[in-house]
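Engineer:
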Amino acid sequence: MGSRLQIQRDDSVVLRVTHSNIKSFIADTRFSLQMTVESVKEKLWKKCGTSVGFMSLELYDDTGYQVALLSDNLRPLGFYSPQDGYRLHVVDLDPSSVTSGGWLEDTSLVEKYKISEEAYDKLDGTYRKFKEKMALQNPLDAANSIPNNYVEDLCSNIKVGDRCQVEPGDRRGVVRFVGRAENLGHGFWVGIQYDEPLGKHDGMVKGMRYFDCPPLHGGMVRPDKVKVGDYPEQDPFEEDEI
Numbered sequence: 011m012g013s014r015l016q017i018q019r020d021d022s023v024v025l026r027v028t029h030s031n032i033k034s035f036i037a038d039t040r041f042s043l044q045m046t047v048e049s050v051k052e053k054l055w056k057k058c059g060t061s062v063g064f065m066s067l068e069l070y071d072d073t074g075y076q077v078a079l080l081s082d083n084l085r086p087l088g089f090y091s092p093q094d095g096y097r098l099h100v101v102d103l104d105p106s107s108v109t110s111g112g113w114l115e116d117t118s119l120v121e122k123y124k125i126s127e128e129a130y131d132k133l134d135g136t137y138r139k140f141k142e143k144m145a146l147q148n149p150l151d152a153a154n155s156i157p158n159n160y161v162e163d164l165c166s167n168i169k170v171g172d173r174c175q176v177e178p179g180d181r182r183g184v185v186r187f188v189g190r191a192e193n194l195g196h197g198f199w200v201g202i203q204y205d206e207p208l209g210k211h212d213g214m215v216k217g218m219r220y221f222d223c224p225p226l227h228g229g230m231v232r233p234d235k236v237k238v239g240d241y242p243e244q245d246p247f248e249e250d251e252i
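If you use our numbering, the sequence shown corresponds to residues 11 to 252, in order.
1. Residue 46 bridges to which residues according to DSSP?
2. By DSSP, does residue 251 sit in helix, in strand, or in coil?
3. Note down, in chain order, each residue of its chain lying with its Cβ closer than 6 Å to the Cβ of residue 235, except the 5 sequence neighbours on either side.
4. Three-state secondary structure (DSSP) at residue 150?
5. Given residue 241, which residues of its chain have a CB within under 7 Å of its CB, disregarding the five upstream and five downstream residues?
6. What does the alpha-carbon distance come out to for the pair residue 209 and residue 227?
7. In terms of DSSP beta bridges, what is residue 66 paired with?
8. Near residue 22, which residues of its chain fall below 7 Å by C-beta distance, leaving aside the five closest residues on each side in sequence?
9. Alpha carbon to alpha carbon, what distance is there between residue 85 and residue 91?
10. Step through the CB atoms of chain D and report whether any lies within less than 7 Å of the CB of residue 38.
11. Would you kindly check if the distance between the Cβ of residue 190 and the Cβ of residue 221 is under 7 Å?
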């Protein structure tokens, strides 16, 4: 009787997933060894946008050597003998893919909406009009009423390099800056590099660079919104069931 691949139902493996078009995309992901290659592709399609029909999967060991090309969609993942720590590389073969050309990483490629100062001044309900109204009601400049050491005491336990969680939204990341940011307002601020593209910039805010991080991964928040501690990077691929 010919040999047959035996896979336990609870067997799984953690692979580091990378993408050919999204250079900043790296995620440690758990897969069941019973999943077919097609099922693996479907799971990845939901997360990275590369369609199953245009997706090629390459398996590399922990030394960077290519172990296998997952070319048979009907075979189980376990057929290719992946091990924890191996890298599963997604190759997007679609020339018109949403991931091609750097559109998901380089925000400079996106055309920005611009409005002239004259046109903006004519609009009602803008923040500028609100500030003007508040200035008439309260002659004191609200910004000047905030001391330079505002919330400095809350920064005593926050250090650059700390893992953290930011409210609202339970966004996780790493502290990259702690200090004053005068162009944002008086007092102390904390610069965060989020694990996922949940930010607004790459560490440069209003022409001032406070730290470096990938586009749309940076944020500047008040320290009362930051909790530091054991907040490991969350797996964006993880699902309730495998």
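In this text, a Cβ means the ideal position worked out from N, Cα and C, and glycines have one as well. In this text, all values refer to a predicted model and were calculated from it rather than measured experimentally.
Structural biologist: In brief:
1. Stepping through the sequence shown from its first residue, residue 46 is reached at position 36. Per DSSP, 86.
2. Taking the first residue of the sequence shown as 1, we reach residue 251 at position 241. Only weak support exists for where residue 251 lies, its pLDDT of 44 falling under 50; the coordinates are left without a value.
3. The sequence position of residue 235 within the sequence shown is 225, counting from 1. Counting only Cβ-Cβ distances below 6 Å, and skipping sequence neighbours, we find 176 and 177.
4. Along the sequence shown, one-based indexing puts residue 150 at 140. Confidence in residue 150 is poor, its pLDDT being 49 and thus under 50, which makes the residue's placement unreliable; the coordinate value appears in the next sentence. DSSP places residue 150 in coil when its eight states are reduced to three.
5. For the purposes of this step, residue 241 is taken as residue 231 along the sequence shown, with counting starting at 1. For residue 241, where only same-chain residues beyond five positions count, the Cβ hits under 7 Å are 173, 174, 175 and 182.
6. Taking the first residue of the sequence shown as 1, we reach residue 209 at position 199. Taking the first residue of the sequence shown as 1, we reach residue 227 at position 217. Here the alpha carbon of residue 209 sits roughly 5 Å from the alpha carbon of residue 227.
7. Residue mapping note: residue 66 aligns to position 56 of the sequence shown, counting from 1. Partner residues in the beta bridge of residue 66, as assigned by DSSP, are 101.
8. Taking the first residue of the sequence shown as position 1, residue 22 is located at position 12. For residue 22, where only same-chain residues beyond five positions count, the Cβ hits under 7 Å are 40, 41, 42, 43 and 252.
9. Residue 91 sits at position 81 when you count from the first residue of the sequence shown. Residue 85 sits at position 75 when you count from the first residue of the sequence shown. The alpha-carbon atoms of residue 91 and residue 85 are separated by roughly 12 Å.
10. Absent here is chain D; the protein component of the structure consists of one chain.
11. Counting from one through the sequence shown, the residue named residue 221 turns up at place 211. Counting from one through the sequence shown, the residue named residue 190 turns up at place 180. No Cβ-Cβ contact shorter than 7 Å links residue 221 with residue 190.
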